[in-house]
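In terms of this note's numbering, the sequence shown opens at residue 1 and continues consecutively. A short write-up of the structure that comes next.
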Amino acid sequence: MVDLKLRVLRFTDREVKLEVEGEGYTFLGALQDIFVNDPRVEFVGYNVPHPLISKATFTLRVTPENDLRDVLKTGVEALKDRLGELENVFLEALKRWETRS
Numbered sequence: 001m002v003d004l005k006l007r008v009l010r011f012t013d014r015e016v017k018l019e020v021e022g023e024g025y026t027f028l029g030a031l032q033d034i035f036v037n038d039p040r041v042e043f044v045g046y047n048v049p050h051p052l053i054s055k056a057t058f059t060l061r062v063t064p065e066n067d068l069r070d071v072l073k074t075g076v077e078a079l080k081d082r083l084g085e086l087e088n089v090f091l092e093a094l095k096r097w098e099t100r101s
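Dropping the structure here:
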């Protein structure tokens, strides 16, 4: 299991900037993909300064009429759902592979 650490660098009504330690492109790319398709999001992005350093920043800004906490919560739930779907597909494929003739 990955030792993931989050540190809030900035939190306003519309924007959060997090320092994420212990994760990089894989996790943050999936999280960004969830938010980039959300019409309530004005900006989302992450920066991994160097691939050998496991510290990155993640920024999310919502449109003025939306609540940042609500957008964060629904985005994280959507990511959990997507990962659950991936787990199910993987386990089903593994089962088929194990029972092959």
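All residues carry an ideal CB built from backbone N, CA and C; glycine is no exception. Only a predicted model underlies this, so the values are computations on that prediction, with no experimental measurement involved.
Nearest neighbour of residue i, chosen from the options [CA to CA]
| i | options | result |
| --- | --- | --- |
| L60 | H50, G29 and R100 | G29 |
| V36 | A78, E21 and F11 | A78 |
| G22 | K55, H50, P39 and F43 | K55 |
| D3 | F27, E65 and R100 | F27 |
| R10 | T57, A93, P49 and R100 | T57 |
| V107 | E85, R40, Y46 and L83 | This structure gives no information on residue 107, because the portion of the chain shown stretches from 1 to 101. |
| E19 | N47, I34, L31 and T12 | N47 |
| P51 | Y25, L31, R69 and G75 | Y25 |
Residue i in three-state terms, based on DSSP
| i | result |
| --- | --- |
| E21 | strand |
| V41 | strand |
| T26 | helix |
| V48 | coil |
| L6 | strand |
The beta strand (DSSP E) enclosing residue i, as first and last residue numbers
| i | result |
| --- | --- |
| R82 | Premise fails: R82 lies in the alpha helix (DSSP H), L68 to E98, not in any beta strand (DSSP E). |
| R61 | K55 to V62 |
Any non-hydrogen atom of the ligand ATP closer than 8 Å to residue i Cβ
| i | result |
| --- | --- |
| K17 | Among the components modelled here there is no ligand, and therefore nothing to report on the ligand ATP. |
Through-space distance from residue j to residue i, alpha-carbon basis
| i | j | result |
| --- | --- | --- |
| K5 | W97 | 36 Å |
| F90 | E42 | 33 Å |
| L94 | L83 | 16 Å |
| V16 | E92 | 37 Å |
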